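Read the structure below first, then the notes.
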Amino acid sequence: MNRIFNTALTKIIMSLSGLIILLINSNQLGATGVGTAGIIVLTITIILMVNEIVVGGALIYLIPRFLPLQIIIPAYLWSGLNALGFYFILKYTALIDPVYQHDVVVLALILSLSNTHAIYLLGRQQVKAYNIVLLVQYLVQLLSLIVLFFLLHWVSIKAYIVSLYGGYGAALLIGGWLVYPVLRPFSAKNIFAALPMLFSMGFVAQISNTTQLLNYRLSYYLIERFWGTFWLGRYVVGMQVSESIWIISRSIALVQYADVSNSANRQKAMDDTLRYFKFIFLFALLAITGIACIPPQVYHLLLGKDFSGIQLLVLLLAPGIVALAAAHPVSSFFSGTGRIRLNMYGSLLGLVVTCSLGFWLIPRWGIWGAALTQSLSYLTTFSFALLMFLKVNHLNVRALLINKTDIVVLRHGIGRMLEHMLWRRKK
Numbered sequence: 000m001n002r003i004f005n006t007a008l009t010k011i012i013m014s015l016s017g018l019i020i021l022l023i024n025s026n027q028l029g030a031t032g033v034g035t036a037g038i039i040v041l042t043i044t045i046i047l048m049v050n051e052i053v054v055g056g057a058l059i060y061l062i063p064r065f066l067p068l069q070i071i072i073p074a075y076l077w078s079g080l081n082a083l084g085f086y087f088i089l090k091y092t093a094l095i096d097p098v099y100q101h102d103v104v105v106l107a108l109i110l111s112l113s114n115t116h117a118i119y120l121l122g123r124q125q126v127k128a129y130n131i132v133l134l135v136q137y138l139v140q141l142l143s144l145i146v147l148f149f150l151l152h153w154v155s156i157k158a159y160i161v162s163l164y165g166g167y168g169a170a171l172l173i174g175g176w177l178v179y180p181v182l183r184p185f186s187a188k189n190i191f192a193a194l195p196m197l198f199s200m201g202f203v204a205q206i207s208n209t210t211q212l213l214n215y216r217l218s219y220y221l222i223e224r225f226w227g228t229f230w231l232g233r234y235v236v237g238m239q240v241s242e243s244i245w246i247i248s249r250s251i252a253l254v255q256y257a258d259v260s261n262s263a264n265r266q267k268a269m270d271d272t273l274r275y276f277k278f279i280f281l282f283a284l285l286a287i288t289g290i291a292c293i294p295p296q297v298y299h300l301l302l303g304k305d306f307s308g309i310q311l312l313v314l315l316l317a318p319g320i321v322a323l324a325a326a327h328p329v330s331s332f333f334s335g336t337g338r339i340r341l342n343m344y345g346s347l348l349g350l351v352v353t354c355s356l357g358f359w360l361i362p363r364w365g366i367w368g369a370a371l372t373q374s375l376s377y378l379t380t381f382s383f384a385l386l387m388f389l390k391v392n393h394l395n396v397r398a399l400l401i402n403k404t405d406i407v408v409l410r411h412g413i414g415r416m417l418e419h420m421l422w423r424r425k426k
């Protein structure tokens with residue numbers, strides 16, 4: 000529970016940093032600038048998705064089962080080859096403005112190597128070190144952006160890219176320093192022994208992750224194509240505001256995945272997943288209700304005149320955002336127990352909805368059609384994941400209802416977290 004609390008606290012600080020970056024960009028660069036920045040980050044994310052065929056969540060499952068260098072060396076090599084491949088892909092396609100192509104590839108490589116360190120630390124259950132790497136990335140990027148925009152008065156997309164270099168580079172250095180002691184014993188024996196499993200498990204996992212990314216962000220490209228970067232910038236802000244409630248669900252799912260992967264007690268994993276599901280669903284429902292109740296004037300004051308109508312976007316996205324938050328622990332259960340294909344099938348179903356509705360609704364209704372498409376896609380993925388979880392564990396729908404044991408466990412967990420906080424404060 001303490002690890003979940005610490006990870007959640009880390010995610011909250013990261014999200015606050017991301018929110019401040021969003022506020023700075025929206026006020027300094029406007030909707031068009033935010034849209035351009037969104038495409039840059041999305042392209043980096045696409046490169047990372049391919050990279051995570053080897054250097055992804057499946058790595059956590061394999062780390063306890065192989066020697067350190069049997070994991071790290073193939074991960075480094077794959078990151079370099081992946082970046083090189085995308086250099087030529089971007090050079091000969093119109094995926095992104097040629098002005099930003101070189102920076103996007105280099106940034107993706109730096110972040111790939113940094114993620115290798117972070118994931119290895121998490122796989123060895125070094126959650127504190129993992130959190131430090133993530134915090135450094137966001138805080139250094141925020142500090143860099145403040146210095147560039149407000150002290151040096153360099154307000155441009157290029158300055159934003161330089162802030163990404165600062166954050167990604169700092170995380171790479173700190174992660175390398177933290178991961179070095181964990182890599183023992185050093186042994187070059189059968190250095191590529193893990194490679195077949197890295198590709199086999201990673202490939203299935205990344206089909207799931209890539210389709211999920213398309214569910215998340217295909218609408219970005221469609222909005223840019225049919226409506227331009229100004230409207231894309233408005234949609235990006237609405238998505239980031241809504242997705243802020245995933246802080247808790249992703250924190251819990253992350254620690255849960257590492258625990259399930261390192262444990263043979265499947266009954267406990269199932270019980271924990273059910274409790275996480277119930278808690279996250281209630282939390283997400285309350286959180287999105289609070290966000291939806293924020294008056295439009297507040298959004299206008301914080302984000303600037305370009306971002307009116309954000310409240311309606313949040314309302315359209317709300318059902319899907321809550322559903323996918325609740326699906327996060329279920330997805331981690333499938334991954335941690337070797338049922339990655341179920342995540343893939345759920346993501347594919349969601350992608351079918353995204354493609355079927357997105358190409359029809361977005362050209363007609365713009366960002367409102369995109370939000371409706373997104374929500375329906377998330378609900379589809381959630382429904383499939385929940386049905387499969389019940390089927391795999393031979394449960395009925397009543398297992399999803401909150402019972403007295405859940406309340407006792409939750410109270411006990413909160414009590415332990417408060418005791419831990421007080422102990423740290425006294426210390």
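As numbered in numbering that gives the first Met the number 0, residues 0 to 426 make up the sequence shown, in order. All C-beta atoms in this analysis are idealised placements derived from N, C-alpha and C, irrespective of residue type, glycine included. Given the structure is predicted, the values throughout are model-derived calculations rather than measurements.
Rounded to a whole number of angstroms, what is the C-alpha to C-alpha distance between Met269 and Phe282?
-> Rounded to whole angstroms, Met269 to Phe282 spans 20 Å at the Cα level.
Return helix, strand or coil for Cys292, following the three-state DSSP convention.
-> Correct three-state label for Cys292: coil.
With DSSP run on the structure shown, which of helix, strand or coil describes His393?
-> Correct three-state label for His393: coil.
Taking the runs of the beta strand (DSSP E) that are 3 residues or longer, which of them lie wholly in the segment 246-282?
-> If only uninterrupted beta strand (DSSP E) runs of at least 3 residues are considered, none is enclosed by the segment 246-282.
Can you grab the Cα-Cα spacing for the pair Leu182 / Asn402, in whole Å?
-> Within the model, the alpha-carbon separation for Leu182 versus Asn402 is close to 43 Å.
If you count every other CB in all the chains shown that lies within 10 Å of the CB of Ser155, and 16 or more means buried, which is it?
-> Ser155 should be labelled exposed.
How is Tyr91 classed by DSSP in three states: helix, strand or coil?
-> The answer is coil: DSSP assigns Tyr91 none of H, G, I, E or B.
Gly427 in three-state terms, based on DSSP | The shown model of the chain, from 0 to 426, leaves out residue 427, and the question about it has no answer.
Extent of the continuous alpha helix (DSSP H) to which Ser330 belongs | Start and end: 309-335.
Where does the unbroken alpha helix (DSSP H) through His116 begin, and where does it stop?
-> Element bounds for His116: 97-122.
Cα separation between Val33 and Leu47?
-> If you take the alpha carbons of Val33 and Leu47, they lie about 21 Å apart.
For Met420, which residues of its own chain have a beta-carbon under 6 Å away from its beta-carbon, when the five flanking residues on both sides are left out?
-> Residue placement at Met420 is flagged as unreliable, the pLDDT there being 47, under the threshold of 50; the coordinate-derived value follows with that caveat. None.
7 Å Cβ shell around Ser78 - same chain, five flanking residues per side excluded = Listed in chain order, the non-local C-beta contacts of Ser78 below 7 Å within the same chain comprise Asn50, Val54, Leu108, Ser111, Leu112, Thr115, local neighbours out to five positions each way being set aside.
Rounded C-alpha distance that separates Ser503 from Thr336 | Residue 503 lies beyond the stretch modelled for the chain, which goes from 0 to 426, so this question has no answer here.
Neighbour-count burial assignment, Thr288, 16 or more Cβ in a 10 Å radius | Looking at its Cβ environment, which holds fewer than 16 other Cβ atoms inside 10 Å, Thr288 is exposed.
Just tell me which of Asn214, Asn392, Pro73 has its CA closest to the CA of Asp271.
-> Distance check between Asp271 and each of Asn214, Asn392, Pro73 places Asn392 closest, using alpha-carbon atoms only.
DSSP three-state call for Phe65: helix, strand or coil?
-> DSSP, read as helix, strand or coil, puts Phe65 in coil.
Which value, in whole angstroms, describes the spacing of the CA atoms of Gly232 and Leu41?
-> In a straight line, the C-alpha of Gly232 is about 13 Å away from that of Leu41.
Please report the Cβ distance between Phe225 and Pro362, rounded to the nearest whole angstrom; I am assuming they are in contact, meaning their Cβ atoms lie under 8 Å.
-> Separation of the CB atoms of Phe225 and Pro362 is rounded to 5 Å, and the pair is thereby assigned contact status at 8 Å.
Quick one: grab the DSSP three-state call for Trp77.
-> Trp77: helix per DSSP, three-state reduction.
With 16 other CB atoms within 10 Å as the buried threshold, where does Trp245 fall?
-> Taking all protein chains in view, the Cβ of Trp245 is crowded by 16 or more other Cβ atoms within 10 Å, so the residue is classified as buried.
How would you call His327, buried or exposed, if buried means at least 16 neighbouring beta carbons within 10 angstroms?
-> By the 10 Å Cβ count, His327 comes out buried.
Straight-line CA distance for Ile43 to Phe85?
-> A direct Cα-to-Cα measurement between Ile43 and Phe85 gives close to 10 Å.
His152 by DSSP, collapsed to three states: which one?
-> In the three-state reduction of the DSSP assignment, His152 falls in the coil class, being assigned neither a helical nor a strand state.
Taking the CB atoms as reference points, tell me whether Val139 and Ala169 lie closer together than 9 Å.
-> Their beta carbons are under 9 Å apart, which means Val139 touches Ala169 by this criterion.
Express the C-alpha separation of Leu341 and Ile293 in angstroms, rounding to a whole number.
-> Ile293 and Leu341: Cα-Cα distance of roughly 37 Å.
For Ile39 and Ile88, believed in contact at Cβ under 8 Å, the rounded distance = 16 Å between Cβ atoms; not a contact.
In whole angstroms, what is the alpha-carbon distance linking Pro63 and Tyr234?
-> Rounded to whole angstroms, Pro63 to Tyr234 spans 41 Å at the Cα level.
Whole-angstrom distance between Leu151 and Ile206, CA atom to CA atom | Cα-Cα distance, rounded: 43 Å.
Can you tell which of Leu177, Leu347, Ile72, Gly357 has its C-alpha closest to the C-alpha of Thr379?
-> Of all alpha-carbon atoms in Leu177, Leu347, Ile72, Gly357, the one lying nearest the alpha-carbon of Thr379 is that of Leu347.
Going along the chain, which unbroken runs of the beta strand (DSSP E) with 3 or more residues stay wholly within the segment 6-38?
-> Here no run is fully enclosed.
For Gly122 and Asp258, the rounded distance between their alpha carbons = Rounded to whole angstroms, Asp258 and Gly122 show a C-alpha spacing of 9 Å.
Boundaries (first-last residue) of the alpha helix (DSSP H) holding Lys304 = Premise fails: Lys304 is in no alpha helix (DSSP H) and is neither H nor E.
Considering only the beta carbon of each residue, do Gln373 and Gly308 sit closer than 9 Å?
-> Gly308 sits away from Gln373, with the two beta carbons spaced by 9 Å or more.
Coil, strand or helix - Met420 by DSSP | Low per-residue confidence applies at Met420: pLDDT is 47, beneath 50, and the placement is therefore not dependable enough to give any value.
Outcome for Arg216 when other beta-carbon atoms lying within 10 angstroms are tallied against a minimum of 16 | That one is buried.
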